[in-house]
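For reference, the structure is listed below as structure tokens.
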Amino acid sequence: MITLQHDFINLLKLKAKPNVSFADEIARMLNISVDSAYRRIRCETDLSLNEAKLLADYYKVSLQNLFMPQQRDFGFVYRAFDRKTLSFERYLTSIIDDLKSIRDADEKSIIYCAKDIPIFHHFQVPELAAFKIFYWMKEVLQLSKYKNTVFSESLIDDKFIEMGQKAKHLYAALPSIEIWTEETVHSTLKQLFYFHKNQLISNTALTVKLFEALNNVISKIAEQSKQEYKVLNHADSKKGGTYQLYLSKMPVSNNTIFVNTDNTFSTYITHNTLNVLMTSNPEFCRETQFYTSNLINNSTVLNQKHATEHHDFFNLILKTINHYKNQII
41 MITLQHDFIN LLKLKAKPNV SFADEIARML NISVDSAYRR IRCETDLSLN
91 EAKLLADYYK VSLQNLFMPQ QRDFGFVYRA FDRKTLSFER YLTSIIDDLK
141 SIRDADEKSI IYCAKDIPIF HHFQVPELAA FKIFYWMKEV LQLSKYKNTV
191 FSESLIDDKF IEMGQKAKHL YAALPSIEIW TEETVHSTLK QLFYFHKNQL
241 ISNTALTVKL FEALNNVISK IAEQSKQEYK VLNHADSKKG GTYQLYLSKM
291 PVSNNTIFVN TDNTFSTYIT HNTLNVLMTS NPEFCRETQF YTSNLINNST
341 VLNQKHATEH HDFFNLILKT INHYKNQII
């Protein structure tokens, strides 16, 4: 039992903030004295199950991984949109909190295998962000509030756009690799075209504006991938985190995000578009690392050195956007 507690404490230390006393944090979380916290850290006093659960939840580690490290029945944290409270704000807050946690690590990296355009990019242009939120609310979550409505920008609370832009800004500051395919943009294109065809956008001019917004987002991504860094503020081109965009020859079956924070690995997999499965199980993360490395090895990085491939890929996307747009004009 001491060995398990020792391993558990070491796992918590990896997740702890470097600028905060670990013992003070444990004492605060468990409502005990600092001396009592130190005794638990040194394994002189056993942690109760309730205490272990509190700490595991706070530091976002899986107790199942600790007790059954060789089991293939991996433990996942499932983060789903809460249909009872209908709180999109809470959903965005959870994304922001995760990004802050990554930001606060000394060593960090993100590999994003993108079946769809990563959510953060949509918030580079408010009109497109508003449409995507409306689409999620109406079609994915089937919220009754949106059942008989058509899209207009005023329907979406400005607070959601602001929170999404905060998430985008945090992501822009982090080093990341994205792996796209030629299909990555298609889901957003088809959503726009479907909504227009079924008269779920208030007018044709707004549909055209949305296609132009998507064109704008893709152009920004093209520029950032060429220079291999993200931009924190497009107004002054302030540099953000390093950015490598790969074009995969292999299909990407889902949105998978592999995160490394100070050599602690986590995997996020999207489920039903908005919901997320997350695990830090070492074996699962090793398999994810192998999968992402294999994708990268079978991909071309779209940067200045591969200018022809970069031009061809983004030119194809922009032509496809214009093709869809021209069908509705």
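Per this note's numbering, residue 41 is the first one in the sequence shown, and the count goes up by one each step.
Beta carbons: idealized from backbone N, C-alpha and C, even for Gly.
Beta strand (DSSP E) containing N315: first to last residue? As a position in the sequence shown, residue 315 is number 275, starting the count at 1. Here the beta strand (DSSP E) through N315 covers N315 to T319.
Starting from E167, trace the alpha helix (DSSP H) in both directions and tell me its first and last residue. Your numbering for residue 167 matches position 127 in the sequence shown. Segment P166 to Y175, the alpha helix (DSSP H) holding E167.
Give the DSSP bridge partners of C153, in chain order. Against the sequence shown, residue 153 aligns to sequence position 113. DSSP lists I219 and T296 as partners of C153.
Do you know how far the Cα of S141 is from the Cα of Q182? The residue given as residue 182 occupies position 142 in the sequence shown. The residue given as residue 141 occupies position 101 in the sequence shown. Their Cα atoms are separated by approximately 31 Å.
At which residues does the alpha helix (DSSP H) containing T133 begin and terminate? Position 93 of the sequence shown, counting from 1, holds the residue named residue 133. Per DSSP, T133 belongs to the alpha helix (DSSP H) from F128 to R143.
Give the single residue among F235, A63 and I151 whose Cα lies nearest to the Cα of L335. Residue 335 sits at position 295 when you count from the first residue of the sequence shown. The residue among F235, A63 and I151 with its C-alpha nearest the C-alpha of L335 is I151.
Do you know offhand how far E193's Cα is from A67's? Working through the sequence shown from its first residue, we reach residue 193 at position 153. Working through the sequence shown from its first residue, we reach residue 67 at position 27. In a straight line, the C-alpha of E193 is about 47 Å away from that of A67.
Which parts of the region 180 to 244 are runs of the alpha helix (DSSP H), unbroken and 4 residues or longer, counting only runs that do not cross its ends? 198 to 212 and 226 to 237
Cβ shell of P166 (< 6 Å), same chain only, five flanking positions each side left out: Residue mapping note: residue 166 aligns to position 126 of the sequence shown, counting from 1. I201.
In this structure, how does DSSP classify N6 when only helix, strand and coil are distinguished? Shown here, the chain extends from 41 to 369; a query on residue 6 therefore has no answer.
Buried or exposed (CB count within 10 angstroms, at least 16 for buried), E218: Taking the sequence shown and counting its residues from 1, one reaches residue 218 at position 178. By the 10 Å Cβ count, E218 comes out buried.
DSSP-derived helix/strand/coil call for S370: Nothing about residue 370 can be read from this structure; the chain reaches only from 41 to 369.
What are the partner residues of I309, as DSSP defines its beta bridges? By 1-based counting over the sequence shown, the position of residue 309 is 269. DSSP lists T296 and L317 as partners of I309.
Which same chain residues, not among the five before or five after F378, have their C-beta less than 6 Å away from its C-beta? Outside the shown range of the chain (41 to 369) lies residue 378, about which nothing can therefore be said.
Taking the alpha-carbon of L358 as reference, which of T133, S259 and L240 has the nearest alpha-carbon? The residue given as residue 358 occupies position 318 in the sequence shown. Among T133, S259 and L240, the Cα nearest to that of L358 belongs to S259.
Three-state secondary structure (DSSP) of T332: Within the sequence shown, the letter at position 292 stands for residue 332. In this structure, T332 counts as helix in the three-state DSSP scheme.
Given a cut-off of 9 Å on the beta-carbon distance, is the pair I136 and L210 in contact? In the sequence shown, the residue the question calls residue 136 occupies position 96. In the sequence shown, the residue the question calls residue 210 occupies position 170. Their beta carbons are under 9 Å apart, which means I136 touches L210 by this criterion.
Cβ pair T296, T310 closer than 9 Å: Counted from its first residue, the sequence shown places residue 296 at position 256. Counted from its first residue, the sequence shown places residue 310 at position 270. A contact, by the Cβ cut-off of 9 Å.
For N71, which of Y286, E91 and V180 has the nearest alpha-carbon? As a position in the sequence shown, residue 71 is number 31, starting the count at 1. Distance from the Cα of N71 is smallest, within the candidate group Y286, E91 and V180, for E91.
How about Q344 and Q267: do their beta carbons lie closer than 9 Å? In the sequence shown, counting from the first residue as 1, residue 344 sits at position 304. In the sequence shown, counting from the first residue as 1, residue 267 sits at position 227. Result yes, Cβ atoms of Q344 and Q267 sit closer than 9 Å.
For Y308, which option in P291, E327 and M290 has the closest C-alpha, if you only look at C-alpha atoms? Within the sequence shown, numbered from 1, the residue matching residue 308 stands at position 268. Ranking P291, E327 and M290 by Cα distance to Y308 puts E327 first.
Taking 9 Å as the cut-off, decide whether the C-beta atoms of L287 and E223 are in contact. Position 247 of the sequence shown, counting from 1, holds the residue named residue 287. Position 183 of the sequence shown, counting from 1, holds the residue named residue 223. Against a cut-off of 9 Å, the Cβ pair of E223 and L287 comes out as no contact.
Taking the alpha helix (DSSP H) that K93 belongs to, which residues open and close that run? Within the sequence shown, numbered from 1, the residue matching residue 93 stands at position 53. Run containing K93: L89 to Y99, per the alpha helix (DSSP H) assignment.
8 Å contact criterion, which S134 and R119 should meet: CB distance rounded: Stepping through the sequence shown from its first residue, residue 134 is reached at position 94. Stepping through the sequence shown from its first residue, residue 119 is reached at position 79. Right, the Cβ-Cβ distance comes to about 6 Å (below 8 Å), so this counts as a contact.
Is T301 near E65, with beta carbons less than 9 Å apart? In the sequence shown, the residue the question calls residue 301 occupies position 261. In the sequence shown, the residue the question calls residue 65 occupies position 25. No; because the gap between Cβ atoms is not below 9 Å, this pair is not in contact.
Does DSSP classify S259 as helix, strand or coil? Residue mapping note: residue 259 aligns to position 219 of the sequence shown, counting from 1. In the structure shown, S259 sits in a helix (DSSP, three-state: H, G or I).
Give the DSSP bridge partners of S288, in chain order. Along the sequence shown, one-based indexing puts residue 288 at 248. The partner list for S288 (beta bridge, DSSP) reads S339.
When the Cα of L261 is compared with those of Y186, S339 and F354, which residue comes out closest? On the sequence shown, residue 261 is found 221 positions in, with the first residue counted as 1. The question names Leu, but residue 261 in the sequence shown is Ile. Checked all of Y186, S339 and F354; the closest Cα to I261 is F354.
Along the beta strand (DSSP E) that carries R119, what are the first and last residues, could you check? Here residue 119 corresponds to residue number 79 of the sequence shown, with the count starting at 1. R119: member of the beta strand (DSSP E) spanning V117 to R119, first to last residue.
DSSP three-state assignment for V74, whether helix, strand or coil: Position 34 of the sequence shown, counted from the first residue, corresponds to residue 74. It is helical.
Does the distance from the C-beta atom of D156 to that of S227 stay below 9 Å? As a first step, residue 156 must be located in the sequence shown, where it is residue number 116. As a first step, residue 227 must be located in the sequence shown, where it is residue number 187. Contact: yes.
Pick from N362, F305 and I49 that is closest to T85, judged by C-alpha positions: One-based indexing of the sequence shown puts residue 85 at position 45. The shortest Cα separation from T85 among N362, F305 and I49 belongs to I49.
Just how far apart, CA to CA, sit H236 and L51? By one-based count along the sequence shown, residue 236 stands at place 196. By one-based count along the sequence shown, residue 51 stands at place 11. Roughly 50 Å between the two C-alpha positions.
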